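Read top to bottom, the protein sequences are chains H and Y.
Counting from 1, one number per residue, gives the positions in the first sequence under this note's numbering.
Counting from 1001, one number per residue, gives the positions in the second sequence under this note's numbering.
There are 2 protein chains.
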Amino acid sequence: MLPVFPAAEACCTPMAREPLGEADAAELARMFKALADPVRLRLLSLIASYEGGEACVCDLTGPFDVSQPTISHHLKVLREAGLVGSERRGTWVYYWVIPAALNRLSSLLQVPGQISVPALAGGGA
Amino acid sequence: MLPVFPAAEACCTPMAREPLGEADAAELARMFKALADPVRLRLLSLIASYEGGEACVCDLTGPFDVSQPTISHHLKVLREAGLVGSERRGTWVYYWVIPAALNRLSSLLQVPGQISVPALAGGGA
DNA sequence: CATCTGCTTCGACATACATCTATGTTGACA
DNA sequence: TGTCAACATAGATGTATGTCGAAGCAGATG
Chain H
1 MLPVFPAAEA CCTPMAREPL GEADAAELAR MFKALADPVR LRLLSLIASY
51 EGGEACVCDL TGPFDVSQPT ISHHLKVLRE AGLVGSERRG TWVYYWVIPA
101 ALNRLSSLLQ VPGQISVPAL AGGGA
Chain Y
1001 MLPVFPAAEA CCTPMAREPL GEADAAELAR MFKALADPVR LRLLSLIASY
1051 EGGEACVCDL TGPFDVSQPT ISHHLKVLRE AGLVGSERRG TWVYYWVIPA
1101 ALNRLSSLLQ VPGQISVPAL AGGGA
């Protein structure tokens, strides 16, 4: 039931290596579509940067100008795209990001010809 | 005229580090929106993996089931998002990817907690 | 100039999407 | 059981988007 990330098959090959097939492109477009909204991007980074790596919906509605059902809708989009997971714990529902999904998209976008940042690795302060 | 990539400012900070601001989220959403279509994803990977790193429109219309004006429209979307550049050379118009833009998005999506692929680095096969 | 080819722009149309309010559901608690 | 709080779902609505055919524009060529 929990959508455990479907392992790495056609995963993680940079798109600059070889042209994407129709099926892969369709699936990836669905994931990028989930990222193609300012509210969802902020939701995702809010969840990802939350202490413990997860946040309840009550933590996520405050920072936005949109209604609570709208936040709920955006979280559903992110969940159905496989970018976040969720679980009810008592009164609250918690969300967390799925690293494998985001890192897959990250790898796909890597292009040679320019140096990328060292970035995280550590995970530090 | 050529949109030289606007250097790295708020660039390249993974979204898991700290919550995205509204302005950054809006700009990034525009770029992800350009990626949120199967045809555009395939166009991008087709261009990126073309010999010499660039392709003319005549190379790009064949592999798709959509009309040539539609391809032209999608190329315009990619160009206005800053993901590709283009230039007319005699009869043909050539397109190439802008590595800095794609790598910026790639860095943004990197999340700790799971190993990413070694990927390119060298420049390949 | 006339014409052909490669590509872009325009106008129209159907579908998808973001957002709202109203309502439903689920768990805690008196 | 009744009630309250936290989220989710449903239905409605305006806007954005993907697609097409037709027309425009720009080089090349005769």
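Where is the CB? At the ideal position from N, CA and C, for every residue including glycine.
None of these values were measured; they are calculated from a predicted model.
By the Cβ-count criterion, residue 24 of chain H is buried, with 16 or more other Cβ atoms from all chains shown falling within 10 Å of its own Cβ.
Looking only at H:105, H:14, H:104 and H:98, the smallest Cα-Cα distance to residue 1046 of chain Y is reached by H:14.
Straight across, the Cα-Cα distance linking residue 97 of chain H with residue 111 of chain H is about 24 angstroms. Around residue 1022 of chain Y, the beta-carbon contacts reaching into chain H at under 8 angstroms are 38 and 42. According to the DSSP assignment, residue 84 of chain H belongs to no alpha helix (DSSP H) but to the beta strand (DSSP E) extending over 84 to 89. Against chain H, the beta carbon of residue 1082 of chain Y has no neighbour under 8 angstroms; the closest one sits roughly 13 angstroms away. Among the residues facing chain H, residue 1049 of chain Y is included, as its CB has a counterpart in that chain under 8 angstroms away.
At a cut-off of 8 angstroms between beta-carbon atoms, residue 1018 of chain Y makes contact with chain H. Contact annotation for residue 1106 of chain Y against chain H: 106, 109, 110 and 116 [CB-CB distance below 7 angstroms, chain order].
As summarised for the segment 9 to 84 of chain H, the continuous beta strand (DSSP E) elements at least 3 residues long and confined to that stretch are 54 to 56, given in chain order. Counting along the chain, the unbroken beta strand (DSSP E) around residue 97 of chain H starts and ends at 92 to 97. In this structure the segment 73 to 89 of chain H touches the segment 43 to 62 of chain H; the number of beta carbon pairs closer than 8 angstroms is three or more. H:43 is the residue among H:43, H:77, H:49 and H:80 whose C-alpha sits nearest the C-alpha of residue 63 of chain H. Within chain Y, the residues whose beta carbon sits less than 9 angstroms from that of residue 33 of chain H are 1032, 1033, 1035, 1036 and 1037, listed in sequence order.
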